[in-house]
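Working notes for the structure below.
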Amino acid sequence: MHEAEDHKTEDFDINSQQELEAIKNQQPLIIETAPASTRASENQQSKLVLITGAGSGIGRATAEIFARNGYRLILTGRRVERLVDLKSRFEAEFGTEILILPFDVRDPGAVEAALSKLPESFQDIDILVNNAGLAKGLAPIHEGNLEHWETMIDTNVKGLLYVTRLISPGMVRRRSGHIINVGSSAGKEAYPNGNVYCATKFAVDALTKSMRFDLHTHNIRVGQISPGHVEETEFAITRFDGDVERAKIYNDFQPLKSSDVADAIYYMATRPPHVNIQDIQLFATQQASSMVIDRSGRESS
1 MHEAEDHKTE DFDINSQQEL EAIKNQQPLI IETAPASTRA SENQQSKLVL ITGAGSGIGR
61 ATAEIFARNG YRLILTGRRV ERLVDLKSRF EAEFGTEILI LPFDVRDPGA VEAALSKLPE
121 SFQDIDILVN NAGLAKGLAP IHEGNLEHWE TMIDTNVKGL LYVTRLISPG MVRRRSGHII
181 NVGSSAGKEA YPNGNVYCAT KFAVDALTKS MRFDLHTHNI RVGQISPGHV EETEFAITRF
241 DGDVERAKIY NDFQPLKSSD VADAIYYMAT RPPHVNIQDI QLFATQQASS MVIDRSGRES
301 S
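In the working numbering, the protein residues as written are 1 to 301.
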């Protein structure tokens, strides 16, 4: 259960007229950091990770753990100011080399425009984390909102496909790469009123397995992470269209944190080359399934 991002472009610093024009014309914006003086090990520094939906929640936490450990990053999302903030912070704190690409994964033209024109030093992507995704609405099938359905299908399924289609050929050509899809416990078991969201996450589960069949002979690892409830994200507020009261779904139990999921993703990505973790499903201790949760209060960590 994770979130994508709403498109906003206010309250951030643009460093050149070229960048201003890119935003004005809604063109992909590429910002590369200057080389940092302090670098991690040569092995880590050679690794390049692309994370979709990096502006918040699981994507942001995943970006941070890779940045802290010296990996080079391509961060994508729709909210430019958040990507600029991450670039600045990671550069200052970790000396991370970062390229940011603001685009909407639902738009195949925008995805292709951004990913087909990468600078040469950012073309060989070692790890792709397909994180961008969201839930919209919580209604029975006969009362469903068609716009919500389209948004979830376009983001959770088609967006993952658009990005993977452009990144995977390079991995096949190099006979090296790792794709990690962010699924959900909702892709393992359906629940009342979850209909289309569950369907999209079941699709992620099926795609992950099918991609593994297609790519294993090319020496490419494919896996997914399937978390239950996760706080420190915008999942609930997005699902309920900004309704703060309805979004208070974690007050009476301790869910996972976005950093917990990021830790698991990092673990998957850092196994020896001969090890492929195909799926990690994780819940908080107080959550036994999508619907079975001990809501007696937050236990001490």
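Glycine included, C-beta positions come from ideal geometry on N, C-alpha and C.
Checklist line | For GLU308: DSSP bridge partner residues | finding: It is not possible to answer for residue 308, since the shown part of the chain is limited to 1 through 301.
Next item on the list: Report, in whole angstroms, the separation of the C-beta atoms of GLY183 and ILE225, which I expect to be a contact under 8 Å.
Entry: Mapped onto the sequence shown, residue 183 falls at position 183. Mapped onto the sequence shown, residue 225 falls at position 225. That pair is a contact at about 7 Å.
Check: With 16 other CB atoms within 10 Å as the buried threshold, where does VAL292 fall?
Finding: In the sequence shown, residue 292 corresponds to position 292, counting from 1. Residue environment: VAL292 is assigned as exposed (fewer than 16 neighbouring CB atoms within 10 Å of its CB, all protein chains considered).
Checklist line | Candidates ASN276, ASP260 and LEU256, of which the one nearest GLU299 by Cα | finding: Here residue 299 refers to the residue found at position 299 when the sequence shown is read from its first residue. Closest by C-alpha distance to GLU299, out of ASN276, ASP260 and LEU256, is LEU256.
Item checked: Three-way DSSP call (helix, strand, coil) for ASN156 in this model -> For the purposes of this step, residue 156 is identified with residue 156 of the sequence shown, where counting begins at 1. Of the three classes helix, strand and coil, the one that applies to ASN156 here is helix, per DSSP.
Check: Excluding the five sequence neighbours on either side, which residues of its own chain have a C-beta within less than 6 Å of the C-beta of ILE65, listed in chain order?
Finding: Within the sequence shown, the letter at position 65 stands for residue 65. Once the five neighbours on either side are set aside, the close Cβ partners of ILE65 are ALA262 and TYR266.
Item checked: Whole runs of the alpha helix (DSSP H) within the stretch 45-121, excluding any shorter than 4 residues -> Runs of the alpha helix (DSSP H) inside the stretch 45-121: 57-68, 80-94 and 108-115.
Check: So the alpha helix (DSSP H) ASN130 belongs to, where does it begin and stop?
Finding: Taking the sequence shown and counting its residues from 1, one reaches residue 130 at position 130. Unbroken run through ASN130 is the beta strand (DSSP E), 127-130; no alpha helix (DSSP H).
Notebook entry, point to check: Nearest-angstrom Cα distance between TYR191 and SER290?
Noted result: Working through the sequence shown from its first residue, we reach residue 191 at position 191. Working through the sequence shown from its first residue, we reach residue 290 at position 290. The straight-line gap from Cα to Cα measures roughly 7 Å.
Notebook entry, point to check: How many Å lie between ASP104 and ARG72 at the Cα?
Noted result: Along the sequence shown, one-based indexing puts residue 104 at 104. Along the sequence shown, one-based indexing puts residue 72 at 72. The straight-line gap from Cα to Cα measures roughly 22 Å.
Note to self: Assuming LEU75 and ILE100 are in contact, meaning their beta carbons sit under 8 Å apart, how far apart are those beta carbons, in whole angstroms?
What the structure shows: Locating residue 75 in the sequence shown gives position 75, where the first residue counts as 1. Locating residue 100 in the sequence shown gives position 100, where the first residue counts as 1. Cβ atoms of LEU75 and ILE100 come within 8 Å of each other, at about 5 Å.
Check: In this structure, does DSSP put LEU282 in helix, strand or coil?
Finding: Translated into the one-based positions of the sequence shown, residue 282 becomes position 282. Three-state result, LEU282: strand.
Next item on the list: Sort out for me which residues DSSP pairs VAL222 with in a bridge.
Entry: As a first step, residue 222 must be located in the sequence shown, where it is residue number 222. DSSP, once it has assigned bridges, lists ILE179 as partnering VAL222.
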